[in-house]
Amino acid sequence: MSSVTFNGIKTLMRKEVTRIVRIWSQTLLPPAITMTLYFVIFGNLIGSRIGQMGGFDYMSFIVPGLVMMAVITSSYGNMVSSFFGAKFARHVEELLVSPMPNWAILTGYVSGSLFRGLAVGLIVTIISLFFTEIKIHNVWIIISTVVLTSIVFSLGGFINAAFAKKFDDIAIIPTFVLTPLTYLGGVFYSISLLPDFWQKVSLINPVLYMVNTFRYGFLGVSDINVAVAYGIIISFVLILGFISWYILHKGIGLRS
Amino acid sequence: MQHAIDIKNLVKTYKDGTQALKGVDLKVEAGEIFALLGPNGAGKSTLIGIISSLVNMTSGEVKAFGKDLVKNRTEVKAMIGLVPQEFNFNMFEKPIDIVANQAGYYGVPRKVALERTEKYLKQLQLWEKRNTISRGLSGGMKRRLMIARAMVNEPRILILDEPTAGVDIEIRRSMWSFVEEIAAQGTTIILTTHYLEEAEQLCKNIAIIDHGEIVRNTTIKDLLKTLDIETFIFDLDKTPDEKLLAALDARVRDDNSIEMDVPKSKNLNSVFKQIDEAGYCVSSMRNKANRLEELFVKMIENNTETKSSQPTPGGAA
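The listed protein sequences derive, respectively, from chains U and X. Taken in order, the first sequence gives residues 4 to 259; the numbers are from my numbering. Taken in order, the second sequence gives residues 25 to 341; the numbers are from my numbering.
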């Protein structure tokens, strides 16, 4: 990588991180409040009546899922709002006229979303410590899964933002796709509770693989094969990464 | 001789079928201030958009200092600074961040980027406002901020798309000085403007674009030579009466001033003689700075007439 490209990526990363920290009350605080409510309501109040899930008390079971849910929402939300905002206000042109390669522009934006995803994940994990003890089965699986998942949803947010023409267009995917996939992705339950048919249907949900691999990193239990899950998550990174690069290369939604 | 910009047969057709550029050929000499004029919708912004990589070309060739835009896009982008017509910076960021970040996107290390940011914000009288949220800047300041941002990568070619639109006369003149200063340092400048006085003041060469075609590409001097009527303003010692106005075929400009179109064939001495004989004194006289404007309007009108007189494909015989 040339020093020119490296300086470009560093600048874009700095700009994104500064933005996220500057507006912390919109970027870091809301997931902390929402997840605290989940811990109180689902973990403490309802969870105590549910008993065990997958061999663990319900609070311990849902913590990894809720952390992952916050990471997914924050990574996607950061990219879609930041990139669409830049496109809408036309300051994305600052990057389009610059000699930064397309992959470097993508890397800069993904790094910003990754930062927000990981920061939110860390905050939610710290909050969960007030409600339960956290076991760590394999720290490398935890880190790699959360990083890859954050990248997948950052790229998804980028594609959404590139095609979006108005603010409504960036709200549709999170509401009608992301939220159902996350809620049905094994955050609150093990798919072993479902009838056979619905277990098979659940397997087409990519979030299931991410949540279960992440949970495996904490608890050492998973509804699906972890190696298969890695294969699926990495495939998503590569496919969405290529689509995003192609969008920038052709200027889809960006250049007339 | 290597040109700063060399454009051959450039065509741009938008998805809706609009042909914005119909085979434009254009050469801009290195180090000059070049004016690009044209009415709204003529294709100026499309042309600038293609040169600065914001618009994809349909066909043709664009070279900057001999480097082909398509084959050497990164190198060409590194040579160009753009000041667009509309504000396109993040209104919630501070000028210091906007300018320093732009330098970073061009690969300038942070320390150097901050030094250059200080230099250009000071040159454009924005240093005091460096930490103000940009939304709070005045229109003139926002425009100067975009110039500072375009200059921070020290481009060899600076494109200014109507840089003085909406700024007051004092700031406009200080921006002209700045443009002349950077041109003197060797930067090639391409300027689009609606203020024809601006083109006349700053530029040596000019291209007039209309309906996606270059209708004239020459020096401003040669262009003005083709103008056969000049408009003069005479300041008189008293209010002119109808008799004088009729004798001179002049118009009242204000209380003691008249405005008069004088054909080049007419001797100005005869005009002074008529005024003198009518009992008036001329206290001062000046050329109305709209010569280029008159010419521009005539040229565009002629081009429109020519186009409308041409039979349209499929039209009635």
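Ideal placement from N, C-alpha and C gives every residue a C-beta, glycine not left out. Bear in mind the structure is a predicted one, so any value in this text is a computation, not a measurement.
Run of the alpha helix (DSSP H) containing residue i, from where it starts to where it stops
| i | result |
| --- | --- |
| I145(U) | 142-166 |
| D199(U) | 199-205 |
| G79(X) | Gly is not the amino acid found at residue 79(X); the sequence shown has Val there. That residue, V79(X), is in no alpha helix (DSSP H); it is neither H nor E in DSSP. |
| R218(U) | 209-222 |
| V176(X) | Neither: V176(X) is in no alpha helix (DSSP H) and is coded neither H nor E. |
| E19(U) | 6-25 |
| Y130(X) | Where Y130(X) is concerned, there is no enclosing alpha helix (DSSP H), given that its DSSP letter is neither H nor E. |
| T70(X) | 68-75 |
| V240(U) | 229-253 |
| K95(X) | Careful: K95(X) lies outside any alpha helix (DSSP H) and carries neither H nor E. |
| E97(U) | 96-99 |
| E266(X) | 266-272 |
Chain X contact residues for residue i, given Cβ-Cβ distances below 8 Å
| i | result |
| --- | --- |
| K13(U) | G128, R134 |
| T8(U) | G131 |
Identity of the residues DSSP links to residue i by a beta bridge
| i | result |
| --- | --- |
| E204(X) | Paired residue(s): none; E204(X) is not in a bridge. |
| F256(X) | M284(X), N311(X) |
| A231(X) | L60(X), N241(X) |
| F59(U) | M56(U) |
| T216(X) | L60(X), D185(X) |
| V306(X) | L260(X) |
| K32(X) | E85(X) |
Three-state secondary structure assigned by DSSP to residue i
| i | result |
| --- | --- |
| Y38(X) | coil |
| N293(X) | helix |
| A40(U) | According to the sequence displayed, residue 40(U) carries Leu and not Ala. Helix at L40(U). |
| A124(X) | helix |
| V86(X) | strand |
| V127(U) | helix |
| V190(U) | coil |
| D172(U) | helix |
| K143(X) | helix |
| N114(X) | coil |
| R167(X) | helix |
| R258(U) | coil |
| S85(U) | helix |
| G120(U) | helix |
| A340(X) | For A340(X), the predicted structure reports a pLDDT of 36, less than 50, and the residue's modelled location is therefore unreliable. A value from the coordinates is still provided. Of the three classes helix, strand and coil, the one that applies to A340(X) here is coil, per DSSP. |
| T30(U) | helix |
| G68(U) | helix |
| E136(U) | coil |
| N10(X) | No information on residue 10(X) is available, as it lies outside the stretch 25 to 341 that chain X covers here. |
| H27(X) | coil |
| T182(U) | helix |
| T211(X) | coil |
| M103(U) | coil |
| G160(X) | helix |
Contact test: residue i Cβ vs the ligand ZN heavy atom, cutoff 8 Å
| i | result |
| --- | --- |
| I250(U) | With respect to the ligand ZN, the structure shown offers nothing to examine, as it has no ligands at all. |
Chain-ordered chain U contacts of residue i [CB-CB under 9 Å]
| i | result |
| --- | --- |
| N112(X) | A92, R93, H94, V95, E96, E97 |
Contacts that residue i makes with chain U (C-beta to C-beta distance below 8 Å)
| i | result |
| --- | --- |
| T98(X) | P102, P104 |
| K101(X) | V100, S101, P102 |
| I104(X) | V100 |
| M115(X) | A92 |
| Y38(X) | S259 |
Chain-ordered chain X contacts of residue i [CB-CB under 7 Å]
| i | result |
| --- | --- |
| K18(U) | N125 |
The beta strand (DSSP E) enclosing residue i, as first and last residue numbers
| i | result |
| --- | --- |
| A44(X) | 43-52 |
| G105(X) | 104-107 |
| V276(X) | 275-278 |
Listed by chain order, chain X residues near residue i by CB distance under 9 Å
| i | result |
| --- | --- |
| R258(U) | G73, S77, L78, V79, N80 |
Contact set between the segment 91-117 of chain U and chain X, restricted to residues whose Cβ is under 8 Å from the partner: A92, R93, H94, E96, E97, L98, L99, V100, S101, P102, M103, P104
Near-chain X residues of the segment 126-138 of chain U - C-beta to any C-beta below 8 Å: none
Residues of the segment 269-297 of chain X with Cβ closer than 9 Å to any Cβ of chain U, in chain order: none
Residues in the segment 142-159 of chain X having any Cβ partner in chain U nearer than 7 Å: none
Contacting positions in the segment 224-258 of chain U - beta carbon closer than 7 Å to chain X: G254, R258
Members of the segment 196-219 of chain X near chain U, C-beta cut-off 7 Å: none
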